[in-house]
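Let me begin by presenting the structure, written as structure tokens, before commenting on it.
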Amino acid sequence: MIRAVTVKRLRRLGGVLFAALMSLPASGQDIAAFRNGLARPGTVSDATVTVTEYGSAADAVRVYDTEEKPDEIQGYRIRIFFDNGQNARSEALATQERFRSEFPGIPTFLVYENPSYIVTVGNCISIDEALMLWNRVRKSFDTAFLWRGNIPLEELLREEAVPIPEEGLRADSTATANSVLPESTIL
Numbered sequence: 000m001i002r003a004v005t006v007k008r009l010r011r012l013g014g015v016l017f018a019a020l021m022s023l024p025a026s027g028q029d030i031a032a033f034r035n036g037l038a039r040p041g042t043v044s045d046a047t048v049t050v051t052e053y054g055s056a057a058d059a060v061r062v063y064d065t066e067e068k069p070d071e072i073q074g075y076r077i078r079i080f081f082d083n084g085q086n087a088r089s090e091a092l093a094t095q096e097r098f099r100s101e102f103p104g105i106p107t108f109l110v111y112e113n114p115s116y117i118v119t120v121g122n123c124i125s126i127d128e129a130l131m132l133w134n135r136v137r138k139s140f141d142t143a144f145l146w147r148g149n150i151p152l153e154e155l156l157r158e159e160a161v162p163i164p165e166e167g168l169r170a171d172s173t174a175t176a177n178s179v180l181p182e183s184t185i186l
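Sequential numbering of the sequence shown, starting at 0, is according to numbering that gives the first Met the number 0.
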């Protein structure tokens with residue numbers, strides 16, 4: 000019986016703590032103000048909370064706040080064209096346009112890395128997402144393969160409207176508002 004009462008009190012205290020956390024504003028709240036708010040007696044009961052902050056946790060939060068955040072992350076794209084021949088540029092442009100017409104809404108990137116022109120498509124964060132896209136693309140582009148590299152975060156965070164064809168999106172379409180990015184410029 001004593002154990003049941005203690006468990007009930009702990010659950011009630013947990014609920015009070017959760018309600019206190021949810022009532023705090025999301026921005027502009029520092030740790031000291033949060034700790035002081037918990038130390039004041041509540042309106043329903045005289046219960047107070049004592050917060051013991053371990054130095055390593057506080058240091059970790061401060062270090063994270065002052066650290067420089069990465070500009071790019073590891074990701075995947077599908078490389079659909081790679082050539083360094085005499086007509087490589089025009090073939091790369093034609094490949095890019097063909098892809099855009101067959102897969103509207105999926106970003107394409109044409110770059111020149113001396114001496115080759117390269118066309119890659121998509122901005123996939125996980126290998127699963129990349130494999131699903133590759134499976135769709137390889138039916139039309141038989142030389143397509145996965146490429147792993149760094150993807151700038153600004154490309155992943157940018158949102159634009161997805162162009163919707165007159166007949167609507169196909170059921171297997173992977174285009175979403177968060178995955179569509181503006182096409183890169185030709186370098």
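Think of the CB as a built atom: it goes at the ideal place given N, C-alpha and C, for glycine as much as any other residue. These figures come from a predicted structure and were not determined experimentally.
CA-CA distance, VAL60 to PRO69, rounds to 17 Å. In the DSSP assignment, TYR75 forms a beta bridge with CYS123, ARG147. Judged by DSSP secondary structure, THR107 falls within the beta strand (DSSP E) whose first and last residues are 107-112. PHE80 has its alpha-carbon roughly 18 Å from the corresponding atom of CYS123.
The distance from the Cβ of ILE105 to that of VAL118 is about 12 Å, inconsistent with a contact at the 8 Å cut-off.
Within the region 41-104, the runs of beta strand (DSSP E) that reach at least 3 residues and sit entirely inside it are, in chain order, 71-82. If the five residues before and after ASN149 are omitted, its C-beta is found closer than 6 Å to the C-beta atoms of GLU71, all from its own chain and listed in chain order.
By the C-beta density criterion, ILE126 is exposed, having fewer than 16 other C-beta atoms within 10 angstroms.
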